[in-house]
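Residue numbering for the sequence shown is 678 to 750, as defined by my numbering. Every residue gets a Cβ at the ideal spot worked out from N, C-alpha and C, and that includes glycine.
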Amino acid sequence: MESEKCAYCGDLTVLPFHCNYCKDPFCAEHRLPEEHRCVKLSLIRATKFSEKKIIRDGGPNKPNILKRFFRRF
Ligand SMILES: [Zn+2]
Ligand SMILES: [Zn+2]
Numbered sequence: 678m679e680s681e682k683c684a685y686c687g688d689l690t691v692l693p694f695h696c697n698y699c700k701d702p703f704c705a706e707h708r709l710p711e712e713h714r715c716v717k718l719s720l721i722r723a724t725k726f727s728e729k730k731i732i733r734d735g736g737p738n739k740p741n742i743l744k745r746f747f748r749r750f
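Okay, here's the thing in structure tokens:
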């Protein structure tokens with residue numbers, strides 16, 4: 678079985694998810710770009726919110742803010 682460490686939390690994950698954007702492996706919890714603070718996230722945001730300045734430093738402990746934010750897509 679393939680197992681890799683989640684690039685965000687370091688958990689050893691069997692059959693990890695690979696981010697569509699940065700191609701890094703992540704556990705189920707951190708597979709979404711907004712959950713692992715994807716290095717490409719600023720680019721994703723830049724294309725969708727080019728006119729808005731986004732607060733970047735939400736930190737991993739504030740998923741609710743990010744979730745609320747991303748529901749607007
Ligand atoms: Zn993880
Ligand atoms: Zn990513």
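Kindly indicate the opening and closing residues of the alpha helix (DSSP H) around K725. For K725, the enclosing alpha helix (DSSP H) covers residues L718 to K725.
What span of residues does the beta strand (DSSP E) with E681 cover, start to end? Run containing E681: S680 to K682, per the beta strand (DSSP E) assignment.
Any heavy atom of ligand 2 closer than 7 Å to the CB of I702? The amino acid at residue 702 is misidentified as Ile; the sequence shows Pro. Look at P702: its beta carbon is at least 7 Å from all of the heavy atoms in ligand 2.
Rounded separation between E679 and Y685 - CA only: The straight-line gap from Cα to Cα measures roughly 18 Å.
Give me the DSSP bridge partner(s) of P702. Beta-bridge pairing links P702 to H695.
Give me the Cα-Cα distance between L718 and L689, rounded to the nearest whole angstrom. Between L718 and L689, the C-alpha separation is close to 23 Å.
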